[in-house]
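The structure appears below as structure tokens.
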Amino acid sequence: MKNLKARAQAVVSPVLGMYFDDFEVERGRGTQLVGRDGEKYLDFATGIACTVTGHCHPRVVAAIKKQAEKLLHICIGVAYYEPYVKLAEELQKIVPMKGAQSFFCQSGTEAVEAALKLAKYATKKPGIIAFQGGFHGRTLGSLSVTTSKMKYRDGYEPLLPEVYISPLDPQAVAGLIASHEIGGMIIEPLLGEGGYIEIKPEFLRELRRLCDENNILLIFDEVQTGMGHTGKWFACEHAGVVPDIITIAKGIASGLPLGACVAKQEIMAKWSPGAHGGTFGGNPVCCAAAVATIGVIKQEKLLQNATKLGNYLKASLQRLAARNPRLIKEVRGRGLMLGIDFGASEPVKKIIDFCLARKLVLISTGGGGTVIRVIPALNIKKAEIDKALAILAQALANV
Ligand SMILES: Cc1ncc(COP(=O)(O)O)c(C=O)c1O
126 MKNLKARAQA
136 VVSPVLGMYF
146 DDFEVERGRG
156 TQLVGRDGEK
166 YLDFATGIAC
176 TVTGHCHPRV
186 VAAIKKQAEK
196 LLHICIGVAY
206 YEPYVKLAEE
216 LQKIVPMKGA
226 QSFFCQSGTE
236 AVEAALKLAK
246 YATKKPGIIA
256 FQGGFHGRTL
266 GSLSVTTSKM
276 KYRDGYEPLL
286 PEVYISPLDP
296 QAVAGLIASH
306 EIGGMIIEPL
316 LGEGGYIEIK
326 PEFLRELRRL
336 CDENNILLIF
346 DEVQTGMGHT
356 GKWFACEHAG
366 VVPDIITIAK
376 GIASGLPLGA
386 CVAKQEIMAK
396 WSPGAHGGTF
406 GGNPVCCAAA
416 VATIGVIKQE
426 KLLQNATKLG
436 NYLKASLQRL
446 AARNPRLIKE
456 VRGRGLMLGI
466 DFGASEPVKK
476 IIDFCLARKL
486 VLISTGGGGT
496 VIRVIPALNI
506 KKAEIDKALA
516 ILAQALANV
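Residue numbers 126 to 524, in the working numbering, belong to the letters of the sequence shown in order.
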């Protein structure tokens, strides 16, 4: 039955990096994936942090089906339609900025492109500051602010001009502001592809102060951290710092392709009609899935579940780390967005392969693939966490 890999090798571009040598999936439901070989897997990777309500949540699927029967596409430039406007209304209620407005696209990288363009356009200043270890996407603009792996940039330089990569040091940031015309600053409140490293709240507060004093727009890239993974809708809420622009994607529509660039109304007011746009952005079916996703997160109290079970999972992983001090350097992160840092890629590869063979899906992160990320659906159950922990413990004993 397994033959997708062989077929793919003939027809699919080899550019795609694969976490596993050969893993073929047929279907998913909740926290379970079913392989093409009929085997059942417990999914703690969620399609790289996307299926926040689990695979094919019945309410999300019902909303998709209902919308698919009505209207697949019209383009927001041609006509207003309910799911686009409804989703913008729902986001306005959950983002940390008051009265924010939304622009929709298809992916995280496009949400970042939109944010960078908006920052340049609204401030009329060309410069962008980004931070070492950040990941913001693969298209040329967002790649210019990405440094989590320098390999991503190899072969594509020169990238966008007037981008300044700063260490996580307020003085370095102040120095860049003093010597360049900076319009925007972009940071993930918790580095995702950079290794699940939380940025210190005081550093985010200092960035907020520097942006306020220098007419710079502060962009929080919450593509990976957003939609409840850390136990709040957005990770920046833990630090109590409100950005000017927030980028969202991944979990927003439970796995359907959708991105959002959300900004304060007074900033959006400066973006002239036609200054940005797209044919498919905010597709009706994807927006309907996103509205349903927000509804499920609220109704099933999934932020609370992410906090409660996240604390339980983190404490359990820390105990596992204490029993394996030579292997594990640190357990970190928040809610159900946790990283286990091994400081080396070999044990990580061996462990994720071992876990896959025992039907647990875990994937790596970090510049050198040295961290295992634990990012299950927000409706994960304690018994499923315990099952995953038992497999992980076996894996640690075997490397
Ligand atoms: C923080 C962050 N920003 C942007 C992106 C790019 O999103 P996409 O892969 O949907 O283009 C990612 C993807 O991992 C991300 O983690």
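Quick reminder that beta carbons are idealized off the backbone N, C-alpha and C, glycines included.
Measure the Cβ-Cβ separation of residue 369 and residue 389 and say whether it is below 9 Å. yes
DSSP state of residue 256, grouped into three classes? strand
Indicate, with yes or no, if ligand 1 has a heavy atom lying under 8 Å from the CB of residue 432. no
Could you tell me which uninterrupted alpha helix (DSSP H) segments, each at least 4 residues in length, are contained entirely in the stretch 377 to 439, listed from first to last along the chain? With a minimum length of 4 residues, the continuous alpha helix (DSSP H) runs that stay inside the stretch 377 to 439 are 390 to 393 and 409 to 424.
Looking at residue 261 and ligand 1, is the gap between the Cβ and the nearest heavy atom below 8 Å? yes
Should residue 356 and residue 428 be called a contact, given that it needs their Cβ atoms to be closer than 9 Å? yes
Have a look at the DSSP bridge pairing and note the partners of residue 327. Answer is none; residue 327 lacks a bridge partner.
Might you give, ordered along the chain, the residues of its own chain that have their beta carbon closer than 7 Å to the beta carbon of residue 142, omitting 5 neighbours on each side? none
Quick one: is residue 520 buried, meaning 16 or more other Cβ sit within 10 Å of its Cβ, or exposed? buried
Counting pairs of beta carbons, one from the stretch 460 to 469 and one from the stretch 437 to 447, are three or more of them closer than 8 Å? yes
Integer-rounded CB distance, given that residue 207 should sit under 8 Å from residue 251: Rounded, the Cβ-Cβ distance is 38 Å, inconsistent with contact.
On a CA-only basis, which of 255, 460, 476 and 454 is nearest residue 294? Give me that one, please. When each option's Cα is compared against that of residue 294, the closest is 255.
Using only the alpha-carbon positions, how far apart do residue 397 and residue 137 sit? 40 Å
Whole-angstrom C-beta distance between residue 315 and residue 350, which should lie under 8 Å: 5 Å
Beta-carbon proximity check, residue 158 vs residue 486, cutoff 9 Å: yes
In three-state DSSP terms, what is residue 483? coil
Who are the Cβ neighbours of residue 119 in its own chain at under 6 Å, not counting the five residues just before and after it? Beyond the ends of the chain as shown, which are 126 and 524, falls residue 119; an answer cannot be given.
Taking its Cβ as the centre, do 16 or more other Cβ atoms sit within 10 Å of residue 291, making it buried, or is it exposed? buried
With distances taken Cα to Cα, identify the nearest neighbour of residue 151 among 175, 177, 135 and 181. 181
Can you tell me whether residue 245 is buried or exposed, with buried defined as 16 or more other CB within 10 angstroms of its CB? buried
Does DSSP put residue 180 in a helix, a strand or coil? strand
Which runs of the alpha helix (DSSP H) spanning at least 4 residues fall entirely within the stretch 220 to 248, listed in chain order? 233 to 248
I need the DSSP call for residue 367, collapsed to helix, strand or coil. Reduced to three states, the DSSP call for residue 367 is coil.
To the nearest angstrom, report how far apart residue 285 and residue 450 are at their CA atoms. 43 Å
Say yes only if the C-beta of residue 237 is nearer than 8 Å to one or more non-hydrogen atoms of ligand 1, and no if none qualify. yes
With DSSP as the reference, label residue 171 as helix, strand or coil. helix
Using only the heavy atoms of ligand 1, determine whether one of them is closer than 8 Å to the beta carbon of residue 375. yes
Any non-hydrogen atom of ligand 1 within 8 Å of residue 349 CB: When distances are taken from the beta-carbon of residue 349 to the heavy atoms of ligand 1, the shortest one is below 8 Å.
Which residues in the same chain as residue 200 place their Cβ atom closer than 8 Å to its Cβ, once the five residues preceding and following it in sequence are excluded? The residues 404 and 405, in chain order, have a CB closer than 8 Å to that of residue 200 in the same chain once the five nearest residues on each side in sequence are set aside.
Are there any heavy atoms of ligand 1 lying less than 8 Å away from the beta-carbon of residue 346, as far as the coordinates show? Remark: the shortest separation between the CB of residue 346 and any heavy atom of ligand 1 falls under 8 Å.
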